[in-house]
Amino acid sequence: MNGGVLRTALDMGCGVASFGGFLLSQNILTMSFAPRDSHKSQIQFALERGIPAFVAMLGTRRLPFPAYGFDLVHCSRCLIPFTAYNATYFLEVDRLLRPGGYLVVSGPPVQWPKQDKEWSDLQSVARSLCYELIAVDGNTVIWKKPAGDSCLPNQNEFGLELCDESDDPNSAW
Numbered sequence: 001m002n003g004g005v006l007r008t009a010l011d012m013g014c015g016v017a018s019f020g021g022f023l024l025s026q027n028i029l030t031m032s033f034a035p036r037d038s039h040k041s042q043i044q045f046a047l048e049r050g051i052p053a054f055v056a057m058l059g060t061r062r063l064p065f066p067a068y069g070f071d072l073v074h075c076s077r078c079l080i081p082f083t084a085y086n087a088t089y090f091l092e093v094d095r096l097l098r099p100g101g102y103l104v105v106s107g108p109p110v111q112w113p114k115q116d117k118e119w120s121d122l123q124s125v126a127r128s129l130c131y132e133l134i135a136v137d138g139n140t141v142i143w144k145k146p147a148g149d150s151c152l153p154n155q156n157e158f159g160l161e162l163c164d165e166s167d168d169p170n171s172a173w
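Using full-length UniProt numbering, the letters of the sequence shown map in sequence onto residues 1 to 173.
Here is the structure:
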C-alpha cells in the first residue's frame, strides 16, 4: 500500500469506519459511507474520530464524486445488492473506480452459503465489464478494473444496459 499504487479509497457500508481509519493511517485518502439512514449513529462516531464519512442512498443518485476518483473500492459485509436493478450498483462502483483500480468485496455473497445465485451474478457482472479476477480467499474477492479500452462493455453476457457516450459520468443522475 505504501508503494503509491493506492492513493484514494471508498469504503462502502463502512460501519464505524474502522477500515477507513486504517487506510488513513497508511496515507490513503479514504471516504467511508453507509448506504442506509439507520447507520447514521455509526457515521457520527466515525466523524467524531476524524474519519471522513457520510450517509448516502446508493441507487437513487450517483454518489457525489467524479468518475474515476478512487483507486480502491471496498465493501465488507455491506450487503449491497450489486447486481440488482440491472446491476445499477455495480455500474456506480465502476464509474467511481479508476481504470486499473481494485474492487474488494468480502462477506455475503462471496462464497456464502445460500447465496450462490447472488455470487454467480456478481461474478457474471464483473466478467461482463472485463474485470480481472485477482484472488478469491474464503469470503473475500479482489477484482481489478481493466486499465484500457480492451473491453467493449456494451457487448456483454449479463445484458447490462449501459449509458451511451453522451452520458457524462461526472454528472448526477
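We put the CB at the ideal spot given by N, CA and C, even for glycine.
Original post:
Since Y89 is in the alpha helix (DSSP H), which residue starts that stretch and which ends it?
Top reply: Residue mapping note: residue 89 aligns to position 89 of the sequence shown, counting from 1. It spans A84 to L96 - the alpha helix (DSSP H) in which Y89 sits, taken as one unbroken run.
Subject >> Beta-carbon spacing of I51, S25 below 8 Å >> reply: Here the question's residue 51 lines up with position 51 in the sequence shown. Here the question's residue 25 lines up with position 25 in the sequence shown. Taking a C-beta distance under 8 Å as the contact criterion, I51 and S25 do not qualify as a contact pair.
Original post:
So the beta strand (DSSP E) D11 belongs to, where does it begin and stop?
Top reply: The residue given as residue 11 occupies position 11 in the sequence shown. Looking at the DSSP string, the run of the beta strand (DSSP E) that includes D11 is T8 to M12.
Original post:
Going by other Cβ atoms of all chains shown within 10 Å of its Cβ, with 16 needed for buried, is K145 buried or exposed?
Top reply: As a first step, residue 145 is located in the sequence shown; it is residue number 145 there, counting from the start. When all chains shown are included, K145 counts as buried.
Original post:
Where does F19 fall in DSSP's three states?
Top reply: Walking along the sequence shown from the start, residue 19 turns up at place 19. Note: F19 maps to helix in three-state DSSP.
Subject >> For R62 and F54, the rounded distance between their alpha carbons >> reply: Counting from one through the sequence shown, the residue named residue 54 turns up at place 54. Counting from one through the sequence shown, the residue named residue 62 turns up at place 62. Using only the alpha carbons, I get a separation of about 14 Å.
Original post:
Just checking, does the region 105–119 make contact with the region 130–149 on the three C-beta pairs under 8 Å criterion?
Top reply: yes
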